[in-house]
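K.L.:
A single structure is presented below for examination.
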Amino acid sequence: MKKIALYTILLSSLTVSSCKKYLEQAPDQRADLNTPEKVSELLVSAYPRANYFTFCEAMSDNVTDNFGAANQYPINSLPYIYDDVIETNQDSPIFYWNNCYDAIASANQALDAIKKAADPEKYTAQKGEALVARAYAHFMLVSLFSKFYDPATAATDPGIPYVLEPETVVSKKYERKTVAYVYEMIEKDLTEGIPLINNNAYKIPAYHFTKKAAHAFATRFYLYKQAPDKVIEHAGLAFPGNSILQNMRNWINGYYQMSSDAVALAYTKATEPANLLIGETSSWYGRRFRSYRFSSGVKATDAIFGGGGKANLTGGTMVYRLFTQNSLNYYVRKFQEHFVRTSINASTGVGYNMVPLFTTEEVLMNRAEAYVQKKDYENALKDINLFISQRVVSYVAATHNLTEAKALTFYKTTDVQVALTNAVLDLKRMETIHEGLRWFDILRHKMTVVHTLWDGDTITSKPGDLNRVLQLPEQANLAGIELNPR
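Mapping the sequence shown onto our numbering, position 447 (from 1) lands on 439, and the numbers just tick up by one.
Right, dumping it as structure tokens:
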């Protein structure tokens, strides 16, 4: 599959003459995009084949300095001290940037083919998937490489280029415009695309934006946009009839009894109802996250799940199975690497991980937080306690359920909204450990993070710090894109 993507233009090693030859090639050498089936094949590559877990986890408060751990890589260590990663290899921010724009190029190529088709009405499902996939890749980019959405400043904060058409010229220039503009375009693509999606168009739905996955994406988008009514609306559309419970991951009677390897194999299965969208990513995360120097050591897991004399908000034991690597790294075994050799007899190859991008549990937590924002504490507590009922060992409602009074006491506040917001964020933090989402919650709620090094030195990341916004690739200037200030 040859297609010109935004990141291709950004690479300084690409000459103008080779660009011209590249642009003369059809986007798909196997055939023209003249049937819905061929467009569907192209849309397989409309999802970023990279993940953000390594650097987002390293920047968050989920990690500690496990001095002596085996794996020390710049893609893990530099984000921990909030320094720019200039590497372009797997699991780096630039690798993620490149793959997002690669995915966007595929979506735009599909949309262009649909627009030019003699019978575009036959491509309705493909158009819906392409629009939502394009919205998702831009959403992730603006969340990482721009200041996080704030309604007070979004109209002036620089965004990221929102690319709406295939690239057909050499050295095209791009505008960042604003975060508000990017959000406007995401919402436009999302709201236009969702009604067009047809679940029956997919052989394996979990690898595509189904209706359920698209509505799950909408709950995250509107939560970040601070539109709680829309979060609640899309949560209801994702799970009509309030069918969330039967679609949650079965930890109590399933994962809790499994071995480490069994959990890793089960967690990202396409048949797991909780996995609403799974991404296939080129990544070493499955082998390294358990032994990175800067990862979830015992101090971090005690603070997150309760332990070492610390209680969690339920007062009970959480079901998440914690395993250890060399008595340094403590982790929930969520990922299994799939290693693809460069040839049959080769000892080298590429690591791949299937990763959950949207889950039932996130939808539930998004809705709970939206209820808290609306001060509908009764419904917020219903969602919170539904979650708790599925995540506490030997659960007893009277003992483990959260109440307003219990939340106020645990979080040492007199503000119910503050207490319940913290409760939702803490439960979500437990559920999504190692998956990068905690970093976005830190940005949204303007939390301060303090990272401690083995020698006692500390690095503090505060709201408004410039290094909370990831740096664009240096080559972005070649496409007229202004870098982030430092």
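For glycine and all other residues, C-beta sits at the position ideal for the given N, C-alpha and C.
Considering only their Cβ atoms, is the gap separating Ile152 from Val174 smaller than 9 Å?
P.N.:
As a position in the sequence shown, residue 174 is number 182, starting the count at 1. As a position in the sequence shown, residue 152 is number 160, starting the count at 1. In this structure, Ile152 lies closer than 9 Å to Val174 by Cβ.
K.L.:
For Asn414, tell me which candidate among Ile376, Val385, Ser381 and Phe137 has the shortest Cα-Cα distance.
P.N.:
Residue 414 sits at position 422 when you count from the first residue of the sequence shown. When only C-alpha atoms are compared, the closest one is Ile376.
K.L.:
Buried or exposed: His426, going by 16 or more other Cβ atoms within 10 Å of its Cβ?
P.N.:
Mapped onto the sequence shown, residue 426 falls at position 434. Buried, by the Cβ-count rule.
K.L.:
Measuring only the C-alpha atoms, how far is Ala471 from His443?
P.N.:
Translated into positions along the sequence shown, residue 471 becomes position 479. Translated into positions along the sequence shown, residue 443 becomes position 451. Whole-angstrom Cα-Cα distance: 35 Å.
K.L.:
Nearest by alpha-carbon distance to Tyr494: which of Tyr74, Thr309, Asn100 and Pro220 is it?
P.N.:
Limits of the chain in this structure are -7 at one end and 478 at the other, which puts residue 494 out of reach.
K.L.:
Does DSSP put Asn81 in a helix, in a strand, or in coil?
P.N.:
Along the sequence shown, read from residue 1 onward, the residue named residue 81 stands at position 89. Three-state DSSP puts Asn81 in coil, outside helix and strand.
K.L.:
Where in the stretch 375 to 427 do unbroken runs of the alpha helix (DSSP H), each at least 4 residues long, occur, reported from the N-terminal end onward?
P.N.:
Taking only runs of at least 4 residues, the alpha helix (DSSP H) segments lying wholly in the stretch 375 to 427 are 389 to 392, 396 to 402 and 408 to 423.
K.L.:
Going by alpha carbons, who is nearest to Leu417 out of Asn304, Phe201, Gln118 and Phe327?
P.N.:
Working through the sequence shown from its first residue, we reach residue 417 at position 425. Nearest C-alpha to Leu417: Asn304.
K.L.:
Which residue marks the beginning of the alpha helix (DSSP H) containing Asn68, and which one marks its end?
P.N.:
Working through the sequence shown from its first residue, we reach residue 68 at position 76. Unbroken alpha helix (DSSP H) run through Asn68: Pro66 to Tyr72.
K.L.:
Jot down the residue ranges of each uninterrupted alpha helix (DSSP H) in the stretch 26 to 71, minimum 4 residues, whole runs only, in chain order.
P.N.:
Listed in chain order, the complete alpha helix (DSSP H) runs (minimum 4 residues) inside the stretch 26 to 71 are 28 to 35 and 45 to 51.
K.L.:
Three or more beta-carbon pairs under 8 Å between the stretch 324 to 331 and the stretch 278 to 286, yes or no?
P.N.:
Contact holds: three or more Cβ-Cβ distances are below 8 Å.
K.L.:
Measure the CB-CB distance between Phe286 and Asn469 and report whether it falls below 9 Å.
P.N.:
For the purposes of this step, residue 286 is identified with residue 294 of the sequence shown, where counting begins at 1. For the purposes of this step, residue 469 is identified with residue 477 of the sequence shown, where counting begins at 1. No, they are not a contact pair.
K.L.:
What number of angstroms, rounded off, separates the C-alpha of Ala258 from the C-alpha of Val347?
P.N.:
Taking the sequence shown and counting its residues from 1, one reaches residue 258 at position 266. Taking the sequence shown and counting its residues from 1, one reaches residue 347 at position 355. Cα to Cα, the separation comes out at about 12 Å.
K.L.:
Considering Cα atoms alone, identify which of Leu314, Lys119 and Ile86 is closest to Cys48.
P.N.:
Here residue 48 refers to the residue found at position 56 when the sequence shown is read from its first residue. Selected option, being the one with the closest Cα: Ile86.
K.L.:
Assign Ser84 to one of two classes, buried (16 or more other C-beta atoms within 10 Å of its C-beta) or exposed (fewer than that).
P.N.:
If you number the sequence shown from 1, residue 84 lands on position 92. When all chains shown are included, Ser84 counts as buried.
K.L.:
Per DSSP, what are the beta-bridge partners of Gly278 in this structure?
P.N.:
Position 286 of the sequence shown, counted from the start, is the residue given in the question as residue 278. DSSP output for Gly278 lists no bridge partner at all.
K.L.:
Given a cut-off of 9 Å on the beta-carbon distance, is the pair Pro71 and Thr46 in contact?
P.N.:
Reading the sequence shown from its first residue, position 79 is the one you call residue 71. Reading the sequence shown from its first residue, position 54 is the one you call residue 46. It is a contact, given that the beta carbons lie within the stated cut-off.
K.L.:
At a cut of 8 Å, does the stretch 423 to 439 reach the stretch 363 to 372 through at least three beta carbon pairs?
P.N.:
Because the criterion of three Cβ pairs below 8 Å is not met, the stretch 423 to 439 and the stretch 363 to 372 do not touch.
K.L.:
Taking the continuous alpha helix (DSSP H) assigned at Ile178, which residues delimit it?
P.N.:
Your numbering for residue 178 matches position 186 in the sequence shown. From DSSP, the alpha helix (DSSP H) with Ile178 extends over Val171 to Gly185.
K.L.:
From Glu466 to Arg168, what distance separates their C-alpha atoms?
P.N.:
Walking along the sequence shown from the start, residue 466 turns up at place 474. Walking along the sequence shown from the start, residue 168 turns up at place 176. If you take the alpha carbons of Glu466 and Arg168, they lie about 15 Å apart.
K.L.:
May I ask you to list the residues that DSSP assigns as paired with Val290?
P.N.:
Residue mapping note: residue 290 aligns to position 298 of the sequence shown, counting from 1. None; Val290 has no bridge partner.
K.L.:
Let me know the secondary structure DSSP gives Lys302 once reduced to three states.
P.N.:
Within the sequence shown, residue 302 is the residue found at index 310, counting from 1. Reduced to three states, the DSSP call for Lys302 is strand.
K.L.:
Determine, using beta carbons only, whether Val324 comes closer than 9 Å to chain C.
P.N.:
Annotation note: the requested chain C is absent from the structure, which comprises a single protein chain.
K.L.:
Would you call the CB atoms of Ala227 and Ala389 closer than 9 Å?
P.N.:
In the sequence shown, the residue the question calls residue 227 occupies position 235. In the sequence shown, the residue the question calls residue 389 occupies position 397. For Ala227 and Ala389, no; Cβs fall outside 9 Å.
K.L.:
Under 7 Å Cβ to Cβ from Ala122, same chain only, skipping five residues before and after it: list those, please.
P.N.:
As a working note, residue 122 is residue 130 in the sequence shown. So the qualifying residues of the chain are Leu35, Ala38, Ala99, Ala102 and Leu103.
K.L.:
Using beta-carbon positions only, say whether Tyr74 and Asn43 come within less than 9 Å of one another.
P.N.:
Sequence index remark: in the sequence shown, residue 74 carries index 82 (1-based). Sequence index remark: in the sequence shown, residue 43 carries index 51 (1-based). No, the pair does not count as a contact, with Cβ atoms beyond the cut-off.
K.L.:
Please give me, in chain order, every unbroken run of the beta strand (DSSP E) with length at least 3 that falls completely inside the stretch 179 to 249.
P.N.:
Runs found: none.
K.L.:
Let's see if you can read the secondary structure: which residues bound the beta strand (DSSP E) around His443?
P.N.:
By one-based count along the sequence shown, residue 443 stands at place 451. Unbroken beta strand (DSSP E) run through His443: Val441 to Thr444.
K.L.:
Out of Gly60, Asp447, Gly343 and Glu264, which has the shortest C-alpha to C-alpha gap to Gln82?
P.N.:
As a working mapping, residue 82 is identified with position 90 in the sequence shown. Nearest of Gly60, Asp447, Gly343 and Glu264 to Gln82, Cα basis: Gly343.
K.L.:
Expressed to the nearest angstrom, what Euclidean distance is found between the alpha-carbon atoms of Lys326 and Glu159?
P.N.:
By 1-based counting over the sequence shown, the position of residue 326 is 334. By 1-based counting over the sequence shown, the position of residue 159 is 167. C-alpha separation (whole angstroms): 38 Å.
K.L.:
Start and end of the alpha helix (DSSP H) containing Asn358?
P.N.:
If you number the sequence shown from 1, residue 358 lands on position 366. Here the alpha helix (DSSP H) through Asn358 covers Thr352 to Gln365.
K.L.:
Measure the alpha-carbon distance for Phe315 versus Leu378 and round it to whole angstroms.
P.N.:
One-based indexing of the sequence shown puts residue 315 at position 323. One-based indexing of the sequence shown puts residue 378 at position 386. Their backbone Cα atoms lie some 26 Å apart in a straight line.
K.L.:
For my contact list, Leu493 and Ala372 are in at a C-beta cut-off of 8 Å; report their separation, rounded to the angstrom.
P.N.:
Since the first residue of the chain shown is -7 and the last is 478, residue 493 is not available in this structure.
K.L.:
Pick from Met439, Phe231 and Ser283: whose alpha carbon is nearest that of Glu457?
P.N.:
Translated into the one-based positions of the sequence shown, residue 457 becomes position 465. Contrary to the premise, residue 457 reads as Asp rather than Glu in this sequence. Answer by Cα proximity: Met439.
K.L.:
Tell me which residues share the same chain as Lys114 and place their Cβ nearer than 7 Å to its Cβ, disregarding the 5 neighbours each side in the sequence.
P.N.:
As a first step, residue 114 must be located in the sequence shown, where it is residue number 122. Pro28.
K.L.:
Figure out for me which residue from Gly448, Pro197, Gln64 and Glu157 has the closest Cα to the Cα of Lys108.
P.N.:
Within the sequence shown, numbered from 1, the residue matching residue 108 stands at position 116. Cα-wise, what sits closest to Lys108 is Glu157.
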